[in-house]
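Following: one structure in structure tokens, then a few remarks.
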Ligand SMILES: [Zn+2]
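Protein chains in written order, with our numbering: chain A, 1 to 95; chain B, 1 to 202.
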């Protein structure tokens, strides 16, 4: 699988570390219940198909990226720097 | 006896003369510089001290005289200069950047630089990294970080023709990288897979 880093160009996936699901939003620390934290920290879907993930270009520019990809075909639909993604999705990432 | 003065990860290493030449560069000072390239004050202050404009474009470097700025990420550069001037230049940056959201640290001892020189230098590196270094973008001044022989490393194409490439690794990996290059750059291990080659008669 190759990831097209917006800064470095297409790079092999050995250069990246994956963090996982990019659709989780950190709960409000004042209001969150134990269940909210459990969901945020641990609970993950394991979808067959489209997935939105954070990847870190650890052996490259060391920037966080949001990668939309397909877990079945390994097709990568889009790669955006996380900082830019937040700008274009101020409401947060869709669930 | 302990020796508090670091003398480089490859101090005293004798250059290797195989299919290419491999030598240790231990007279460079290095500064880790971070800041916002869109901040005019940051750009002006760094230019005043370094005498060069930082490369804003990814994977590029800028050189003038003794100072080179290598792009590391959108907000990070590695400045190289003569080793004796590293601390002075880092101090100059810190003073000029006072009050500006930024960082300048003398990291001269953090990395070791190994220079690969001669036709086939790119091929030797390609034995340890899944990268097509013969692609046209790997020309003079190009910088990229990569995984090389399982290490976090960086290459700087000083010159594409003739081939001169500087390989940067963290100093604790310097000996390993050196040994790796020594083993893979022997005359007998030349590949000539990509260059103009004549088929050897058997
Ligand atoms: Zn990158």
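Each residue gets a CB set at the ideal place from its N, CA and C atoms; glycine is no exception.
* To do: Using a Cβ cut-off of 9 Å, pull out every chain B residue sitting near residue 78(A), in sequence order please.
  => Going along chain B, no residue has its Cβ under 9 Å from residue 78(A), so there is no contact; the nearest lies around 18 Å.
* When the Cβ atoms of the stretch 57-65 of chain B are set against those of the stretch 103-117 of chain B, are three or more pairs found closer than 8 Å? -> no
* Can you name the residues of chain B whose CB is closer than 7 Å to the CB of residue 60(A)? -> 145
* **Range of the contiguous beta strand (DSSP E) that encloses residue 111(B)** => Per DSSP, residue 111(B) belongs to the beta strand (DSSP E) from 111-117.
* Residues of its chain near residue 27(B), where Cβ-Cβ distance is below 7 Å and the 5 sequence neighbours each way are ignored -> 82 and 83
* Asked: Where residue 126(B) and residue 40(A) are concerned, what is the direct C-alpha to C-alpha distance, given to the nearest angstrom?
  -> 42 Å
* Are the CB atoms of residue 129(B) and residue 103(B) nearer to each other than 7 Å? -> no
* To do: Leaving out five residues on either side along the sequence, give the residues of the same chain with a beta carbon under 8 Å from the beta carbon of residue 162(B).
  => Correct list, in chain order: 117, 118 and 119.
* To do: Please confirm if residue 75(A) has its CB atom under 7 Å from at least one CB of chain B.
  => no
* Check whether the Cβ of residue 9(A) sits closer than 6 Å to any heavy atom of ligand 1, and report yes or no. => no
* Excluding the five sequence neighbours on either side, which residues of its own chain have a C-beta within less than 7 Å of the C-beta of residue 90(B), listed in chain order? -> 31, 104, 105 and 106
* **Inter-residue spacing [alpha-carbon to alpha-carbon] between residue 187(B) and residue 138(B)** => 24 Å
* To do: Report the three-state DSSP secondary structure of residue 88(B) (helix, strand or coil).
  => helix
* To do: For residue 44(A), count neighbouring Cβ atoms within 10 angstroms of its own Cβ and tell me buried if that reaches 16, exposed if not.
  => exposed
* Asked: Is any beta-carbon of chain B found at less than 7 Å from that of residue 3(A)?
  -> No, residue 3(A) lies away from the interface with chain B (no Cβ there is under 7 Å from its Cβ).
* Within 10 angstroms of the Cβ of residue 134(B), are there 16 or more other Cβ atoms? Answer buried if so, exposed if not. => exposed
* With a 10 Å radius around its C-beta and 16 neighbouring C-beta atoms as the bar for buried, classify residue 77(A) as buried or exposed. => exposed
* Asked: Which residue spans inside the stretch 6-58 of chain A form an unbroken alpha helix (DSSP H) run of at least 4?
  -> Qualifying alpha helix (DSSP H) stretches, in chain order: 34-41.
* Grouping DSSP H, G and I as helix and E and B as strand, with all else coil, what is residue 77(A)? -> strand
* Consult DSSP for residue 107(B) and reduce its assignment to one of helix, strand or coil. => coil
* Asked: What is the DSSP secondary structure of residue 49(B), reduced to helix, strand or coil?
  -> helix
* Asked: Rounded C-beta distance between residue 185(B) and residue 20(B)? I'm assuming under 8 Å.
  -> 5 Å
* Quick one: is the Cβ of residue 56(A) within less than 6 Å of any heavy atom of ligand 1? -> no
* Residues near residue 82(A) by beta carbon distance below 7 Å, same chain, minus five either side -> 54, 64, 65 and 66
* Paired residues, beta bridge with residue 32(B) - DSSP -> 78(B) and 105(B)
* To do: Along the alpha helix (DSSP H) that carries residue 126(B), what are the first and last residues, could you check?
  => 121-126
* Asked: Using 7 Å as the limit for Cβ to Cβ distance, is residue 10(A) near chain B?
  -> no
* Asked: With 16 as the cutoff for other CB atoms within 10 Å, does residue 66(B) come out buried or exposed?
  -> exposed
* Between residue 7(A) and chain B, is there a C-beta pair that is closer than 7 Å? -> At least one chain B Cβ lies under 7 Å of residue 7(A).
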